[in-house]
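Step one of this worksheet: look at the structure below.
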Amino acid sequence: MKKIYNSRFISKMFRVIFLVFLDIVFFNSIFAQTLIPFSGNNSISCGTNTTLCTHAGCGGTYSNGANGYTVINSASSAIITVSGTYATESCCDFIRIYSGVGTGGTLLATYVGSGSISYTGTAGQTLTVSFTSDGSITI
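Counting from 1, position 99 in the sequence shown corresponds to residue 112 in the numbering used here; the numbering is continuous, with no gaps.
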């Protein structure tokens, strides 16, 4: 079961919380869901309360060969915070955070295996969150 979870807009802060779980449902989704596409991209605006999940949906098992991303557009002085926990194949499936629109910007953080995400952008910084999986194990 894959889940990448939750964002909450508080004042001028946009928080995206990622939770990627093997077999538990963590929260009842009280926010709209945004799926990181299997390939290609989509975007959300700062201030959008959303649950960010892999292309398989929150609670779904992602597919091999995924390579998509979601752009989180920042307002002029908004700060985007990405935090939470994740679990992916320990060698070959990645969550990456980039500065700007798309994966051509500066790579800010890479997450693989399992652990915690804690990243805070700067005021007005748009972030891109990508998810890639190889051709073997999916979680």
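The beta carbon of each residue, even a glycine, is placed where N, CA and C say it ideally should be.
Spatially closest choice to residue i from the options, by CA coordinates
i    : options               : result
I110 : T145, T64, A69, G73   : T145
A136 : S89, I57, A100        : S89
G72  : I92, V95, A100, T94   : A100
S58  : P50, A122, I93        : I93
C104 : I49, G126, P50        : G126
G70  : L48, A91, T61         : L48
S76  : T61, I130, G134, E102 : E102
I130 : T116, D106, G117, V95 : V95
Proximity of residue i and residue j at Cβ, strictly below 8 angstroms
i    : j    : result
N55  : T83  : yes
Y124 : I108 : yes
G148 : G78  : yes
S52  : N86  : no
T139 : G97  : no
Beta-carbon separation (whole angstroms), residue i vs residue j, contact threshold 8 angstroms
i   : j   : result
Q46 : T67 : Not a contact, Cβ separation roughly 11 angstroms.
Neighbour-count burial assignment, residue i, 16 or more Cβ in a 10 Å radius
i    : result
S143 : buried
T141 : buried
I150 : exposed
L120 : exposed
G117 : exposed
G115 : exposed
Residue i, DSSP secondary structure in three states
i    : result
I150 : coil
F138 : It is worth fixing the name first, because residue 138 is Gln in this sequence and not Phe. Looking at Q138 - three-state DSSP - the assignment turns out to be coil, as it is neither helix nor strand.
Y99  : strand
Y18  : Note that Y18 has pLDDT 39, beneath the 50 cutoff, so the model's placement of it is unreliable and the number below is only indicative. In this structure, Y18 counts as coil in the three-state DSSP scheme.
S131 : strand
S143 : strand
The ligand ZN heavy atom lying under 7 angstroms from the CB of residue i
i   : result
S96 : Of the ligands one can find in the structure shown there are none, so the ligand ZN has no counterpart to examine.
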